[in-house]
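Trainee:
There are 2 protein chains.
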Amino acid sequence: MRDYLDGPHKAARDVVRAELAAHADLAVRLPHDEYRDRVLELLQRSAASGLPARGFPKEYGGAADLGGFIAGFETLAFGDLSLMVKAGVQFGLFAGAILHLGTERHHKQYLADAISGRLLGCFAMTETGHGSNVQALGTTATYDEATDEFVVHTPTPAARKDYIGNAARHGRMAAVFAQLVVGGENHGVHCLLVPIRGEDGSALPGVTLSDCGPKLGLNGVDNGRIVFDQVRVPRAALLDRYAQVDANGNYTSAIENPDRRFFTMLGTLVQGRVSVGGAAINASKVALTIAIRYAAQRRQFGAPGSSEEAILLDYRMHQRRLLPLLARTYALHFAQAELVAEFARVFDSERDGERDEHDRRALEAQAAGTKALGTWHATETIQQCREACGGAGYLAENRLATLKADTDVFTTFEGDNTVLLQLVAKGLLTDYRRSFGELDPLGTARFVAAQAVEFAVEKAALRPLIERLRDAVPNRSDASDPDAGLRDGAYHSGLLRYREEHMLSGVARRLKAGIDAGIDAFEVFNRCQDHVIAAGRAHVDRVVLEAFQSAVRDAPEEVQPVLQDVYDLHALSTIEAERAWYLEHGRLSPGRSKAITALVNDLCATVRPAAPDLVDAFGVPASAVEVPMVVPSQA
Amino acid sequence: MRDYLDGPHKAARDVVRAELAAHADLAVRLPHDEYRDRVLELLQRSAASGLPARGFPKEYGGAADLGGFIAGFETLAFGDLSLMVKAGVQFGLFAGAILHLGTERHHKQYLADAISGRLLGCFAMTETGHGSNVQALGTTATYDEATDEFVVHTPTPAARKDYIGNAARHGRMAAVFAQLVVGGENHGVHCLLVPIRGEDGSALPGVTLSDCGPKLGLNGVDNGRIVFDQVRVPRAALLDRYAQVDANGNYTSAIENPDRRFFTMLGTLVQGRVSVGGAAINASKVALTIAIRYAAQRRQFGAPGSSEEAILLDYRMHQRRLLPLLARTYALHFAQAELVAEFARVFDSERDGERDEHDRRALEAQAAGTKALGTWHATETIQQCREACGGAGYLAENRLATLKADTDVFTTFEGDNTVLLQLVAKGLLTDYRRSFGELDPLGTARFVAAQAVEFAVEKAALRPLIERLRDAVPNRSDASDPDAGLRDGAYHSGLLRYREEHMLSGVARRLKAGIDAGIDAFEVFNRCQDHVIAAGRAHVDRVVLEAFQSAVRDAPEEVQPVLQDVYDLHALSTIEAERAWYLEHGRLSPGRSKAITALVNDLCATVRPAAPDLVDAFGVPASAVEVPMVVPSQA
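Top to bottom, those sequences are chains A and B.
Sequential numbering of the first sequence, starting at 1, is according to full-length UniProt numbering.
Sequential numbering of the second sequence, starting at 1, is according to full-length UniProt numbering.
1. What's the call for R235(A), buried or exposed, on a 16-neighbour Cβ count within 10 Å?
2. Measuring CA to CA, which of I226(A), G188(A) and N186(A) is closest to P195(A)?
3. With a cut-off of 8 Å, does the C-beta of S46(A) fall near any C-beta of chain B?
4. Just to confirm the assignment, what range does the alpha helix (DSSP H) spanning M503(B) have?
5. Check each residue of the stretch 152 to 175 of chain A: if its Cβ is closer than 8 Å to any Cβ of chain B, include it; give the result in chain order.
6. Anything in chain B within Cβ reach of P590(A), meaning under 8 Å, just list it in chain order.
7. Between which residues of its own chain and G272(B) is the CB-CB distance below 7 Å, once the five residues before and five after are set aside?
8. Alpha carbons only, please: which of R160(B), L323(B) and N166(B) is nearest the one belonging to V600(B)?
9. Using 8 Å as the Cβ pair cut-off and three pairs as the minimum, do the stretch 395 to 405 of chain A and the stretch 206 to 216 of chain B touch?
10. Show which residues of chain B have a CB atom less than 8 Å away from the CB atom of D530(A).
11. Got a sec: which bits of the stretch 397 to 428 of chain A sit with their beta carbon under 9 Å from any beta carbon on chain B, in order along the chain?
12. Apply the 10 Å Cβ neighbour rule to I515(A) and answer buried if 16 or more other Cβ atoms are within range, or exposed otherwise.
13. Using beta carbons (cut-off 8 Å, strictly below), is I533(A) in contact with chain B?
14. Tell me, please, which residues DSSP counts as bridged to D211(B).
15. Could you confirm whether any beta carbon from chain A is found closer than 8 Å to the beta carbon of F91(B)?
16. Counting only Cβ pairs nearer than 8 Å, list the residues of chain B close to F522(A).
17. Sort H170(B), Q135(B), E149(B) and M173(B) by Cα distance to A159(B) and report the nearest one.
18. Going along the stretch 543 to 557 of chain B in order, which residues come within less than 9 Å of chain A, judged by CB to CB distance?
19. At least one CB of chain E closer than 8 Å to the CB of E387(A): is that the case?
20. If L66(A) and L76(A) are in contact, beta carbons under 8 Å, what's the gap, nearest whole angstrom?
21. How long is the line joining the alpha carbons of V245(B) and Y251(B), rounded to whole angstroms?
22. According to DSSP, what are the bridge partners of Y567(B)?
23. What's the gap between the Cα of A611(A) and the Cα of L332(A)?
24. In this structure, does DSSP put T140(A) in helix, strand or coil?
25. Starting from T252(A), follow its DSSP beta bridges and name the residues at the other end.
26. Which same chain residues end up closer than 8 Å to N475(B) when comparing Cβ atoms and leaving out the 5 residues on each side of it in sequence?
27. Which of the residues in the stretch 359 to 383 of chain A, read from start to end, lie with their CB under 8 Å from any CB of chain B?
28. So which of F73(A), M1(A) and G206(A) has the shortest CA-CA distance to V85(A)?
29. Taking the alpha carbon of P628(A) as the point to measure from, which residue in L400(A), T418(A), F347(A) and E104(A) has its own alpha carbon closest?
30. What are the boundary residues of the alpha helix (DSSP H) that includes D162(A)?
31. Based on the DSSP secondary-structure assignment, which residues constitute the bridge partners of F177(A)?
32. In chain B, what lies closer than 8 Å to S132(A) by C-beta?
33. Please classify T147(B) as buried or exposed, where buried requires at least 16 neighbouring CB atoms within 10 angstroms.
34. Buried or exposed for S275(B), please, with buried defined as at least 16 other CB atoms from any protein chain shown within 10 angstroms of its CB.
35. Identify each residue in the stretch 82 to 114 of chain B for which the Cβ-Cβ distance to at least one residue of chain A is less than 8 Å, and report them in chain order.
36. With a floor of 3 residues, list each beta strand (DSSP E) that falls wholly inside the stretch 267 to 298 of chain A, ordered by position along the chain.
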């Protein structure tokens, strides 16, 4: 199973596993600055081992193996997460900005040093006043024709760069996102390379650096603030892949529409989102490995009169708390593997000069959705694991506390999850609008009529009747097993697809109706914002489910049966969690809904004996999971 | 509103508020041992201000005002939670054990010093191997007739006392729970006072003390471990209110049944549970005050073309995330106030020599249930608040991170929440069994028949039809308002009561059927453990709802309208969260279920303008909520 989970990038993962085993001591808390410096040391060691180089072109010392790069990076999440995040800032965001937004000149000058960790950098996008709405950043970069320089400036306190990794202590240079003003005209947000610290580590003139101070977690990362007071950089500092300014102060860009240009540049974020989603899923694996091993050996209470207490993992409630989360971790693992493969494919094509806008947008939506679900999943899973281990789970030595604190920010950094799900839904609605747009008037009418009929059917509550008939006569040959239909993959994806499509069309209808009624556009959107976000989530749920289905189909014979059980547990607990919606929309009868809950209970019991093996298959290095509360001999 | 929320113990709350304002600097993290010593200093200052004395009899320097004691203690949760927990260990658990389990001799010798903080103590109950199942503790206290002493001993590594507050650094004495062995016979768990540290702070002979090390939070509390190696204490060390050993080695107890004796002694825990529940609810108030003030001033995105961005709290999704939690915080506040009043009443009666076992059990169940819901609510609320404040919420300076880390253990200490809800359900089932027991055969038959008929009705799905008819013809005179029936308090409590009773009777039926079928008792219980816990929760949900209803009824006229809106939001979002169950059981039609969701959205918008005032009414001291991310002038 472990080989199957590791997939094509096993080698990259194993390199990082070995590395993590070598610095297992990091989970112990060090004093603030010592901890930060130790993480820097590990970052540089990691650079020397060639991990980050995988993600970069061969001409700058790289190996041009994007999939391996991401897989290795994700694997870092088995260890100290400060190292993972600092590596993300340095190699993913800072070096990534140079690679993706810069041109050959920048690549030649900086990439090798950035990849090796000799040039430490920041990704200075977020400001105190603007986190999600990046288009409204306040920092300015104004072209001064007289000196052929850009003047980088923080005009208001809200425009201060904030939460910037590497800024408080180690960063020498920053990729700064600022409103580019040329000849008095604002061309929107662009990125420039701005030196911030001298060789001696002190801030350069005009640059004020400060420390964000202690955080809930990730205290090995030196997050800080940057204020610019009329800092001058040469014109060449502009990362000019998508827009150029010449010596005469002429601004040019191959992308005329400023919005499209902005979102194209923002596309650099996709790699960060892919990585964070993967890291979150891997952090969940660490927590589940610890909590399930603990639950498989810990005894408490038990049958009256029995001399031995019962094992925690044999309690139904304990199974209910941990095993559906284990199943969802498997589901997300396979969805993430699909995403990484697609990421590598799209970026490899682009490197070969073939940029497909539709593929790019689809990739960005898939990355946003997987990041949102993966990081929320990590928060929920680690919380459940902590509670399932009681007081022992609260001690730093048992790692769950540290994992919880370190991963908590994942749900809001690299894009706030609610904003990301909106982005997913908006992408889908755009496709919707396109299908409206491409239809002739008659076609549109038919399209709307089809929706209306569906609606009428629903209102008449015929569907529950149909469902009941189906309950009575299972559409499987094995009529002796009343659950047969419930474990049918086509039934699961049918339900999830129905939900996704119904929600999206519902949102589309509500938006259209609101606009037609002349209501203010913001108000129209806001009234169905919860609906929009739920639709985005329904879409990602379906994508994740189908990724798991493919993985079961493609699995080697020896792991297929157990993987099928885990899949069923995931599918049915996903449907169970949304059963209110299905009941409201006549897609589940009350009886069938209860049968699903009963089957989830049964599947928990079915999966339980395999649970220790299922977490072993994650291949988390022993150094990360052998904690005092889990007695090694029994683990 | 604030006066109404403060209720009868306003004075006690205000004393603590003033105290907290005086040491506002504590939110800043200090190095490990300095932090612990600073918390001790504050604890002693707090003792000097008379807060803990309220909870103790007048003859030992107390004020015999239990309600004021708990209210003041809860209010400590507005400040640094390490102080609150350390105070809980010292005054609630350690001094509480002496008061409730000891006799006059112990009171005279120790109480005044314990209350003043001169004698620092531990409550050494939990062991490495036994947290929830206290009855199975491994530590022994064996009576040695030859020397008239008890020998306290840790026979196995699993019997080590663990997570004990005050053990790592400050405690001089411990209230140790151990199996009491007299004349070779084990009489079950009893409590003894055992000195653990000398005047110079070093461990006494035979006592090994160690540190639990860093924790997710509460690092101002010195949790540690204690191992006893044949430590001898005089016979008088036994806290002998409920059981005595005389100089001839005769064990006597007025409570003959060992189980009943054990649970009577365990009753000392009720005060801790009442306090932790209240502290958790107050910690939620701190988080909501910060997050709602932030959301009421922070702008992000907005209408296309508009020059100003929209305020976060005007977004539906943001309202959805925060306002139902605000409403539930109000609900829990009132439920907690009822609990504290009942706690004071029961304990005052007992002090006057009137112990009512039924009242005591009911109080213990109510405390367990409110503690479980209140602490899970805190975890959920603080998490939502943290996410709703993005990166800023992750910085220690903005307090949400600290709150989250510090409160996290509340769900599993002072009784694991799932175990506590089981306790609630078992209490209710005992009452059930009693009503079976008290009925004659005919009565029992009728009772069962009534259940069966109800079940048949449900199966025939007649109820949804009835519900639909009711939807069509609202049973209110104001037929122009289709939501009229949905805001009817009797309708809400009817639904919650139905759910509670249906679940309990379902559990009873399943248990009975399993036992009748000859299945192993543990297996029978385990198969419906999730059902048992859900029934416990349903009960507490109903109790909380009805407490809020009473509070609205009794509220002064000027706050009643807004309180009514907040109540409706709480009631309907509670029903919404469980709507799958109501749909499955034919108590909501799909249409009505959707109408509830729509009304929750509307109520969020209704409550939103009052939200800043509603958090102001919590009266959290400015020192606890004026954080950098909330601009004071706008707060």
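Yeah, the Cβ is synthetic: ideal placement off N, Cα and C, and Gly gets one too.
Mentor: Inspection of the coordinates gives the following:
1. The residue labelled residue 235(A) in the question sits at position 235 within the first sequence. By the neighbour-count criterion, in which a residue is buried when 16 or more other Cβ atoms sit within 10 angstroms of its Cβ, R235(A) is buried.
2. The sequence position of residue 195(A) within the first sequence is 195, counting from 1. For P195(A), the closest C-alpha among the options I226(A), G188(A) and N186(A) is that of I226(A).
3. Looking up residue 46(A) in the first sequence gives position 46. Interface annotation, S46(A): not in contact with chain B, CB-CB separation never under 8 Å.
4. Here residue 503(B) refers to the residue found at position 503 of the second sequence. For M503(B), the enclosing alpha helix (DSSP H) has its first and last residue at G489 to D516.
5. Here the close residues are D162 and Y163.
6. On the first sequence, position 590 is the one that residue 590(A) refers to. The contacting residues are A461, L583, E584, H585 and G586.
7. By 1-based counting over the second sequence, the position of residue 272(B) is 272. So the qualifying residues of the chain are G88, G92, L93 and E414.
8. Mapped onto the second sequence, residue 600(B) falls at position 600. Considering only alpha carbons, the answer is L323(B).
9. Touching, per the Cβ criterion.
10. Position 530 of the first sequence holds residue 530(A). Residues of chain B passing the Cβ test: R316, M317, R320 and N601.
11. So the close ones are E397, L400, A401, T402, K404, A405, D408, V409, T411, T412, F413, D416, N417, T418, V419 and Q422.
12. The count along the first sequence starts at 1 and reaches residue 515(A) at position 515. Per the 10 Å Cβ criterion, exposed.
13. Here residue 533(A) refers to the residue found at position 533 when the first sequence is read from its first residue. Taking Cβ atoms only, chain B reaches closer than 8 Å to I533(A), which makes this a yes.
14. Stepping through the second sequence from its first residue, residue 211(B) is reached at position 211. Note: D211(B) sits in a beta bridge opposite G224(B).
15. Position 91 of the second sequence, counting from 1, holds the residue named residue 91(B). F91(B) does not count as touching chain A.
16. Numbered from its first residue, the first sequence carries residue 522(A) at position 522. Proximity of chain B to F522(A) at the Cβ level (cut-off 8 Å) is accounted for by G302, A303, P304, S306 and A310, in chain order.
17. Translated into positions along the second sequence, residue 159(B) becomes position 159. Closest option to A159(B), Cα to Cα, is Q135(B).
18. Going along the stretch 543 to 557 of chain B in chain order, one finds no residue with a Cβ nearer than 9 Å to chain A.
19. Here chain E cannot be found, since the structure's protein chains are A and B.
20. Residue mapping note: residue 66(A) aligns to position 66 of the first sequence, counting from 1. Residue mapping note: residue 76(A) aligns to position 76 of the first sequence, counting from 1. Between L66(A) and L76(A) the beta-carbon gap is near 16 Å, outside 8 Å, which marks them as no contact.
21. Position 245 of the second sequence, counted from the start, is the residue given in the question as residue 245(B). Position 251 of the second sequence, counted from the start, is the residue given in the question as residue 251(B). Whole-angstrom Cα-Cα distance: 5 Å.
22. The residue labelled residue 567(B) in the question sits at position 567 within the second sequence. For Y567(B), no pairing in a beta bridge is given by DSSP.
23. Stepping through the first sequence from its first residue, residue 611(A) is reached at position 611. Stepping through the first sequence from its first residue, residue 332(A) is reached at position 332. Those two C-alpha atoms are separated by around 17 Å.
24. Along the first sequence, one-based indexing puts residue 140(A) at 140. DSSP, reduced to helix, strand and coil, places T140(A) within a strand of the structure shown.
25. By one-based count along the first sequence, residue 252(A) stands at place 252. Per DSSP, Q244(A).
26. For the purposes of this step, residue 475(B) is identified with residue 475 of the second sequence, where counting begins at 1. Low confidence applies here, because N475(B) scores a pLDDT of 39, under 50, leaving its location unreliable; read the following figure in that light. These residues qualify, in order along the chain: G485.
27. So the list reads T379 and Q383, given in the order they occur along the chain.
28. Translated into positions along the first sequence, residue 85(A) becomes position 85. Considering only alpha carbons, the answer is F73(A).
29. Locating residue 628(A) in the first sequence gives position 628, counting from the first residue. L400(A) is the residue among L400(A), T418(A), F347(A) and E104(A) whose C-alpha sits nearest the C-alpha of P628(A).
30. The residue you call residue 162(A) lines up with position 162 of the first sequence. Taken as a continuous stretch (DSSP letters only), D162(A) belongs to no alpha helix (DSSP H), being part of the beta strand (DSSP E) at K161 to I164.
31. Reading the first sequence from its first residue, position 177 is the one you call residue 177(A). Answer is C191(A).
32. Residue mapping note: residue 132(A) aligns to position 132 of the first sequence, counting from 1. Chain-ordered, the chain B residues with CB closer than 8 Å to the CB of S132(A) read Q300, F301 and G390.
33. Here residue 147(B) is taken as the residue at index 147 of the second sequence, counted from 1. So T147(B) counts as exposed.
34. Within the second sequence, residue 275(B) is the residue found at index 275, counting from 1. Here S275(B) is buried. Its C-beta has 16 or more other C-beta atoms within 10 Å.
35. Under the 8 Å Cβ criterion, the stretch 82 to 114 of chain B contributes no residue.
36. Unbroken beta strand (DSSP E) runs of no fewer than 3 residues, entirely contained in the stretch 267 to 298 of chain A, are not found.
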